[in-house]
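Asks: This is the structure I want to talk about, given as structure tokens.
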Amino acid sequence: MKEMREKMEELEHSLNQQRDRNAKLNDWLDVAEDDIAMLRPENILLRKRVKDLEKSNSEVQLVEAEPCRSLLDDELYAQRWSENKIQKLLKTVQQEREQDKISLENCRVSLLTMKHTLEEAELGLHNRDDDIHKCLRQKNQELGEQLEDRRDTASLAIVNDLMEKKEETLSLSFAEELQLLAFSPEVKPSLADSADLRHEECEAEEPLKPLSLPEEHQTKRSFRGNFFSINNLWSGTRLMLQPYYSVHYGALPPI
């Protein structure tokens, strides 16, 4: 109950305060209404002045806008003329760019065509060089084979001639061979040397004749002289037959 009373007292106190506030607000409203009533004729006068000012301003703007309008027209005309000129220039530049693109494309196509043509020409030249080298190798091989055949033929002919000469030489009698050997230039110096040696031996034997040598020494000396002459004869025969032992060519046989 006590709490209820306290609450009731608080509510009454708050109501009293609210009443006081309402009374103050009513007083303020009365004052405001009086002020509004006083300000209404002033507002009417101010609105009238504003309207007059707006009217005068519009007239002034119309008067000042006449010369400005001509200037604006001139500026707009110049601006439009410059814009038209710029558009024409842009159009010309675009056309030139398109023409440049077309010419570049044509140049690229022509370059590609020339490149393919050069590649084909290089390939043809390479194939031609290969064919020429192949033909040259074949010709060289054929000429080498022909040269070998002719060389073999010439060698065979020379060997046959030598064999025929050798057979003719062998067909001679031993006496004729000895006669030829005696008159050959290779044997003459050796025979002359042997004759000189015999002459020297004879000259050396003449002072010794009073001294009669035994028969054994005389037999040995005669045997030595005969052996020396036989040796000279054999050397001369070897010199005569030496060219036929082996055949050496200093150069290629004639073709």
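In this text, residue positions in the sequence shown follow the numbering used here: the first is -9, and each later residue adds one. Built from N, CA and C at the ideal position, the CB exists for glycine as well.
1. Whole angstroms is fine: what's the gap from Asp10's alpha carbon to Ser4's?
2. Please report the distance separating the alpha-carbon of Lys38 from that of Ile26.
3. Here's the rule I'm using: 16 or more other beta-carbon atoms within 10 Å means buried, otherwise exposed. How should Pro197 be labelled?
4. Rounding to the nearest angstrom, what Cα-Cα distance links Lys91 and Arg98 in this structure?
5. Looking only at its own chain, which residues have a Cβ that is under 7 Å from the Cβ of Arg120, when we skip the five neighbours before and after it?
6. Expressed to the nearest angstrom, what Euclidean distance is found between the alpha-carbon atoms of Arg30 and Leu19?
7. I need the straight-line Cα distance from Glu(-4) to Glu2, nearest angstrom please.
8. Whole angstroms are fine: how far does the CA of Gln77 sit from the CA of Arg70?
9. Rounded to whole angstroms, what is the Cα-Cα separation between Lys45 and Gln85?
Replies: Answer, in terms of the structure:
1. C-alpha separation (whole angstroms): 10 Å.
2. 18 Å
3. The predicted position of Pro197 is uncertain, since its pLDDT is 43 and thus under 50; no value can be drawn from it.
4. 10 Å
5. Looking at the sequence itself, residue 120 is Asp, so the reference to Arg does not match. There are no such residues.
6. The alpha-carbon of Arg30 is positioned some 16 Å away from that of Leu19.
7. 10 Å
8. 10 Å
9. 57 Å
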